[in-house]
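Participant: Here's a structure for you.
There are 2 protein chains.
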Amino acid sequence: MPRVSTDQLAARRQQILDGARTCFARYGYEGATVRRLEQTTGLSRGAIFHYFRDKEALFLALAEQDARRMADVVARQGLVQVMRELLVGAGNGTDADDLSWLGTRLEVSRRLRTDPEFRERWQAHSAELTAATRTRLERQAAAGALRDDVPVPVLAQYLELMLEGLVSHLTMGLPADELDGVLDLVEQAVRRS
Amino acid sequence: MPRVSTDQLAARRQQILDGARTCFARYGYEGATVRRLEQTTGLSRGAIFHYFRDKEALFLALAEQDARRMADVVARQGLVQVMRELLVGAGNGTDADDLSWLGTRLEVSRRLRTDPEFRERWQAHSAELTAATRTRLERQAAAGALRDDVPVPVLAQYLELMLEGLVSHLTMGLPADELDGVLDLVEQAVRRS
Numbered sequence: 001m002p003r004v005s006t007d008q009l010a011a012r013r014q015q016i017l018d019g020a021r022t023c024f025a026r027y028g029y030e031g032a033t034v035r036r037l038e039q040t041t042g043l044s045r046g047a048i049f050h051y052f053r054d055k056e057a058l059f060l061a062l063a064e065q066d067a068r069r070m071a072d073v074v075a076r077q078g079l080v081q082v083m084r085e086l087l088v089g090a091g092n093g094t095d096a097d098d099l100s101w102l103g104t105r106l107e108v109s110r111r112l113r114t115d116p117e118f119r120e121r122w123q124a125h126s127a128e129l130t131a132a133t134r135t136r137l138e139r140q141a142a143a144g145a146l147r148d149d150v151p152v153p154v155l156a157q158y159l160e161l162m163l164e165g166l167v168s169h170l171t172m173g174l175p176a177d178e179l180d181g182v183l184d185l186v187e188q189a190v191r192r193s
Numbered sequence: 001m002p003r004v005s006t007d008q009l010a011a012r013r014q015q016i017l018d019g020a021r022t023c024f025a026r027y028g029y030e031g032a033t034v035r036r037l038e039q040t041t042g043l044s045r046g047a048i049f050h051y052f053r054d055k056e057a058l059f060l061a062l063a064e065q066d067a068r069r070m071a072d073v074v075a076r077q078g079l080v081q082v083m084r085e086l087l088v089g090a091g092n093g094t095d096a097d098d099l100s101w102l103g104t105r106l107e108v109s110r111r112l113r114t115d116p117e118f119r120e121r122w123q124a125h126s127a128e129l130t131a132a133t134r135t136r137l138e139r140q141a142a143a144g145a146l147r148d149d150v151p152v153p154v155l156a157q158y159l160e161l162m163l164e165g166l167v168s169h170l171t172m173g174l175p176a177d178e179l180d181g182v183l184d185l186v187e188q189a190v191r192r193s
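So the sequences go chain by chain: A and B. Counting along the first sequence from 1, when you hit position 10 you're at 10 in full-length UniProt numbering, and nothing is skipped either side. Counting along the second sequence from 1, when you hit position 99 you're at 99 in full-length UniProt numbering, and nothing is skipped either side.
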């Protein structure tokens, strides 16, 4: 085998994750066969499973990466901004692949419901998003930007539920006409009036 | 075959639907095997498929019934009330079967995403809920109970997204501590202040 640098290894790993994301989004977890994974990643099964033990491990790595990215954006820009970016993505994209991480998220939801072991493993990631949301809200509260008659954990939960709703709405391909107005309403509901 | 009355036929049909709802919620659509459907309905496969052509037809009938029930409650009591009842159900129920229609809903979401034909068939039902929500909001607006600086379709969409978020949160078995406060916030956001 030729030597490859750490960078090359990381790039290859990321290529697999990106292709797999498209595949899971398009066909669902069960429908993402090895053959289809080969097509969307552009790599052979040998290469794919050199990096990931099996389909399960690949899916988990993907879901974890997406969860971490989202927590990062929340920490920097807040959950309403995450939602606004979702909308822009959905508006541009007749191409559903732009929103492929939504598919991963929906698969995560489904497995959380049917697989207690997965639920336990996933708890850390869902806690990460909650923590990022709360930290940012607390900073905003300290700056006097938030309403002060509702506790921060309630505001955080409110925003998270709205995100869940938005994700599932967009993933189902339902109409997005009123969604800008809805997000204005959401933002207004947490801010100091 | 002994003669049976229309009432008996309807009761038997409902028995199958109720058992199937439990089965789909517990095992997901793919996991709801004929054997498991027999167990949860308490009927033989012969009896089940006398009433429903196949598993697909059974699932559709179930999803339609649940969608119609929800539209009914919305028309009478509003979407916030639907959400409050969900919470009470989730709070009482360590028994996930109480919330089994949530499972149906999540399966619907997943199929909407992956199955364009299903999406088309389902449009009518999702429109039914939207129409019920708007009608009720328009009545409340006429009575002066709603804020008047945001159009009714935006308020309706806002409530529907929140419902989606709540459903997916509860289905995943995530903590419900702050949800009463969240619903107060939601209700307040649509009312005249």
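All residues carry an ideal CB built from backbone N, CA and C; glycine is no exception. As the structure is a computational prediction, the values presented were derived from the model and not from experiment.
With distance defined between alpha-carbon atoms, name the residue in A/57, A/116 and A/79 nearest to residue 183 of chain A.
Facilitator: Taking the first sequence and counting its residues from 1, one reaches residue 183 of chain A at position 183. Nearest C-alpha to residue 183 of chain A: A/79.
Participant: Say whether chain B places a C-beta atom closer than 9 Å to the C-beta of residue 84 of chain A.
Facilitator: Taking the first sequence and counting its residues from 1, the one referred to as residue 84 of chain A is at position 84. No - not a single Cβ of chain B is within 9 Å of the one on residue 84 of chain A.
Participant: Between which two residues does the alpha helix (DSSP H) containing residue 24 of chain A stretch?
Facilitator: Sequence index remark: in the first sequence, residue 24 of chain A carries index 24 (1-based). 6-31 is the span of the alpha helix (DSSP H), which, as asked, contains residue 24 of chain A.
Participant: Could you check where the alpha helix (DSSP H) with residue 172 of chain B kicks off and where it finishes?
Facilitator: Along the second sequence, read from residue 1 onward, the residue named residue 172 of chain B stands at position 172. Where residue 172 of chain B is concerned, there is no enclosing alpha helix (DSSP H), given that its DSSP letter is neither H nor E.
Participant: Step through the CB atoms of chain B and report whether any lies within less than 9 Å of the CB of residue 125 of chain A.
Facilitator: The residue labelled residue 125 of chain A in the question sits at position 125 within the first sequence. No, residue 125 of chain A lies away from the interface with chain B (no Cβ there is under 9 Å from its Cβ).
Participant: Compare the C-beta of residue 62 of chain A with all C-beta atoms of chain B and state if any pair is closer than 9 Å.
Facilitator: For the purposes of this step, residue 62 of chain A is taken as residue 62 along the first sequence, with counting starting at 1. For residue 62 of chain A, not one C-beta of chain B is nearer than 9 Å to its own C-beta.
Participant: Report the CB separation of residue 60 of chain A from residue 16 of chain A in whole angstroms; it is logged as a contact under 8 Å.
Facilitator: In the first sequence, the residue the question calls residue 60 of chain A occupies position 60. In the first sequence, the residue the question calls residue 16 of chain A occupies position 16. Rounded, the Cβ-Cβ distance is 13 Å, inconsistent with contact.
Participant: Quick one: using the 10 Å Cβ neighbour count with 16 as the cut-off for buried, is residue 97 of chain A buried or exposed?
Facilitator: The residue given as residue 97 of chain A occupies position 97 in the first sequence. The predicted position of residue 97 of chain A is uncertain, since its pLDDT is 47 and thus under 50; no value can be drawn from it.
Participant: Could you name the residues of the same chain whose beta carbon sits closer than 7 Å to that of residue 137 of chain B, not counting the 5 residues immediately before and after it, in chain order?
Facilitator: Counting from 1 along the second sequence, the entry for residue 137 of chain B is found at position 137. Once the five neighbours on either side are set aside, the close Cβ partners of residue 137 of chain B are 146, 152, 155 and 156.
Participant: For residue 7 of chain B, decide whether its Cβ has a neighbour in chain A, counting only Cβ atoms nearer than 9 Å.
Facilitator: Residue 7 of chain B sits at position 7 when you count from the first residue of the second sequence. So, not an interface residue.
Participant: Tell me, please, which residues DSSP counts as bridged to residue 191 of chain A.
Facilitator: Residue mapping note: residue 191 of chain A aligns to position 191 of the first sequence, counting from 1. Paired residue(s): A/146.
Participant: What does the alpha-carbon distance come out to for the pair residue 28 of chain B and residue 143 of chain B?
Facilitator: Sequence index remark: in the second sequence, residue 28 of chain B carries index 28 (1-based). Sequence index remark: in the second sequence, residue 143 of chain B carries index 143 (1-based). About 43 Å.
Participant: For the candidate residues B/41, B/185 and B/165, whose alpha-carbon lies nearest to that of residue 13 of chain B?
Facilitator: Taking the second sequence and counting its residues from 1, the one referred to as residue 13 of chain B is at position 13. Sorting B/41, B/185 and B/165 by C-alpha distance to the C-alpha of residue 13 of chain B places B/41 at the top.
Participant: In angstroms with no decimal places, state the Cα-to-Cα distance between residue 23 of chain A and residue 36 of chain A.
Facilitator: As a working note, residue 23 of chain A is residue 23 in the first sequence. As a working note, residue 36 of chain A is residue 36 in the first sequence. Cα to Cα, the separation comes out at about 7 Å.
Participant: What residues from chain B crowd round residue 109 of chain A, counting only those whose CB sits closer than 9 Å?
Facilitator: Taking the first residue of the first sequence as 1, we reach residue 109 of chain A at position 109. Correct list: 106, 109, 110, 168, 171 and 172.
Participant: Would you call residue 171 of chain B buried or exposed, if buried means 16 or more other Cβ atoms sit within 10 Å of its Cβ?
Facilitator: Translated into positions along the second sequence, residue 171 of chain B becomes position 171. Buried, by the Cβ-count rule.
Participant: Buried or exposed: which applies to residue 66 of chain B, given that a residue is buried once 16 or more other Cβ atoms fall within 10 Å of its Cβ?
Facilitator: Residue mapping note: residue 66 of chain B aligns to position 66 of the second sequence, counting from 1. Buried: at least 16 other Cβ atoms inside 10 Å.
Participant: Is it buried or exposed for residue 111 of chain B, if we count other Cβ within 10 angstroms and need 16 for buried?
Facilitator: Stepping through the second sequence from its first residue, residue 111 of chain B is reached at position 111. A residue is called buried once 16 or more other Cβ atoms fall within 10 Å of its Cβ, and residue 111 of chain B is buried on that count.
Participant: Please go through the same chain and pick out, in chain order, the residues whose beta-carbon is closer than 8 Å to the beta-carbon of residue 129 of chain A, but skip the five residues on each side of it.
Facilitator: Mapped onto the first sequence, residue 129 of chain A falls at position 129. For residue 129 of chain A, where only same-chain residues beyond five positions count, the Cβ hits under 8 Å are 67, 70, 71, 74 and 160.
Participant: How long is the line joining the alpha carbons of residue 5 of chain A and residue 11 of chain A, rounded to whole angstroms?
Facilitator: Residue mapping note: residue 5 of chain A aligns to position 5 of the first sequence, counting from 1. Residue mapping note: residue 11 of chain A aligns to position 11 of the first sequence, counting from 1. Computed Cα separation, rounded: 10 Å.
Participant: What is the DSSP secondary structure of residue 66 of chain A, reduced to helix, strand or coil?
Facilitator: Numbered from its first residue, the first sequence carries residue 66 of chain A at position 66. Looking at residue 66 of chain A - three-state DSSP - the assignment turns out to be helix.
Participant: Among the residues of its own chain, which have a CB less than 6 Å from the CB of residue 9 of chain A, if the five just before and after it don't count?
Facilitator: Mapped onto the first sequence, residue 9 of chain A falls at position 9. Counting only Cβ-Cβ distances below 6 Å, and skipping sequence neighbours, we find nothing.
Participant: Between residue 269 of chain B and the rest of its own chain, which residues show a CB-CB distance below 6 Å, the 5 nearest in sequence each way excluded?
Facilitator: Outside the displayed range of chain B (1 to 193) lies residue 269 of chain B, so it cannot be described from this structure.
Participant: Determine the direct distance from the alpha carbon of residue 46 of chain B to that of residue 63 of chain A, and round the result to whole angstroms.
Facilitator: The residue labelled residue 63 of chain A in the question sits at position 63 within the first sequence. The residue labelled residue 46 of chain B in the question sits at position 46 within the second sequence. When rounded, the distance between both Cα atoms is 41 Å.
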